[in-house]
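A short worksheet on the structure shown next.
Number of protein chains: 2
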Amino acid sequence: MGASKTEHFSDKQNQIAAMAKAIGHPARVAIIEYLLSVDTCICGDIVNVLPLAQPTVSQHLKELKNAGIIKGNIEGTAICYCLNPDALSILEAFFAHITTHIKNKETNCC
Amino acid sequence: MGASKTEHFSDKQNQIAAMAKAIGHPARVAIIEYLLSVDTCICGDIVNVLPLAQPTVSQHLKELKNAGIIKGNIEGTAICYCLNPDALSILEAFFAHITTHIKNKETNCC
DNA sequence: ATAAATTATCGTAATATTGCAATATTGTAA
DNA sequence: TTACAATATTGCAATATTACGATAATTTAT
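So the protein lines, in turn, are chains A and B. The numbering used here applies: residue 93 is where the first sequence begins, and numbers increase by one. The numbering used here applies: residue 93 is where the second sequence begins, and numbers increase by one.
Structure representation (structure tokens):
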């Protein structure tokens with residue numbers, strides 16, 4: 093089939109999955125790391141930094157934006173892309189919750 | 093094409109992406125949450141908990157295992173699946189690093 | 001040995017993703 | 001207006017993912 097059965101899972105699970113999926117590509121990890129490293133965040137820079145063609149980068153940016161990981165504002169002839177702290181905080185909390193609770197488990201059998 | 097250009101990115105970026113990708117499906121988020129909620133972690137339970145057929149669940153477990161998110165041991169007629177603290181710590185550190193550094197940024201322009 | 005229970009694998013269909021060339025769109029400058 | 005620069009969209013080919021029925025493999029119990 094190829095289509096996920098999202099309706100069978102909770103909103104929270106779908107949200108975490110959608111954001112994780114958006115980060116699940118090395119180019120998009122690279123974009124996130126680049127946006128974190130610069131203060132001014134113009135997309136033109138990103139195209140030059142990544143080893144991908146401009147339409148491909150634009151597509152990756154679109155997916156990150158759809159998932160809420162980044163935000164973008166029109167800024168004249170360029171576009172200002174930035175990380176979205178809210179989305180990344182949700183992911184941080186999710187993984188912090190997991191690692192905290194793993195430690196408290198008695199039977200880590202494997 | 094459909095094939096990611098993994099060779100153009102760093103090992104670290106590929107590792108983060110591979111793990112995030114593995115979590116990028118609501119069924120696999122549900123599996124992780126379930127493994128976190130129980131002490132004994134037998135796969136039979138998971139099949140009953142998820143709204144998916146047994147082969148599909150088995151496939152999701154395989155992907156989580158390939159990405160290092162979970163570990164599995166043969167346990168008689170069942171298989172004991174557990175979360176892998178090492179992998180989840182890497183992700184936690186990645187997102188903690190991001191959220192920490194976002195706060196320190198001066199120009200969050202969007 | 002046989003049967004039952006549990007998980008994995010195979011095969012296949014439907015759909016999604018990745019990547020890029022070509023082209024469109026939008027804003028700036030002359 | 002026209003030309004230029006930056007980003008988005010379209011269209012397409014190659015590949016990957018998702019899901020499940022059928023079947024295989026493995027272990028336990030009888």
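C-beta: ideal position from N, C-alpha, C; glycine also.
query                                                                                                                        : result
Contact set between the region 174-195 of chain B and chain A, restricted to residues whose Cβ is under 7 Å from the partner : Cys174, Leu175, Pro177, Leu180, Ser181, Leu183, Glu184, Phe187, Ala188, Ile190, Thr191, His193 and Ile194
7 Å CB neighbourhood of Cys133 (chain B) in its chain, flanking five on each side removed                                    : Leu127, Cys172, Tyr173 and Cys174
C-beta contact flag for Ala122 (chain B) and Leu142 (chain B) at 8 Å                                                         : yes
Cβ pair Phe187 (chain B), Leu180 (chain A) closer than 8 Å                                                                   : yes
Close Cβ partners of Asp178 (chain A) (< 8 Å) along its chain, the five nearest in sequence each way excluded                : Gly160
Beta-carbon neighbours of Gly116 (chain A), restricted to chain B and to distances below 7 Å                                 : Ala109, Ala112, Lys113 and Gly116
C-alpha gap between Arg120 (chain B) and Gln146 (chain A), whole angstroms                                                   : 32 Å
Residue from B:His117, B:Gln107, B:Thr98 and B:Asn165 whose Cα sits closest to the Cα of Pro97 (chain A)                     : The question names Pro, but residue 97 (chain A) in the sequence shown is Lys. The candidate whose alpha carbon is nearest that of Lys97 (chain A) is B:His117.
Residue from A:Thr192, A:Leu183 and A:Ala170 whose Cα sits closest to the Cα of Ala114 (chain A)                             : A:Leu183
Distance, Ala109 (chain B) Cα to Gly164 (chain A) Cα                                                                         : 22 Å
Through-space distance from Asp137 (chain A) to Leu144 (chain A), alpha-carbon basis                                         : 12 Å
Cβ pair Asn176 (chain B), Ile166 (chain B) closer than 8 Å                                                                   : no
Residue range of the unbroken alpha helix (DSSP H) whose run includes Ile115 (chain B)                                       : Asp103 to Ile115
Where the beta strand (DSSP E) containing Lys163 (chain B) begins and where it ends                                          : Ile162 to Glu167
Three-state class that DSSP yields for Leu175 (chain B) in the structure shown                                               : strand
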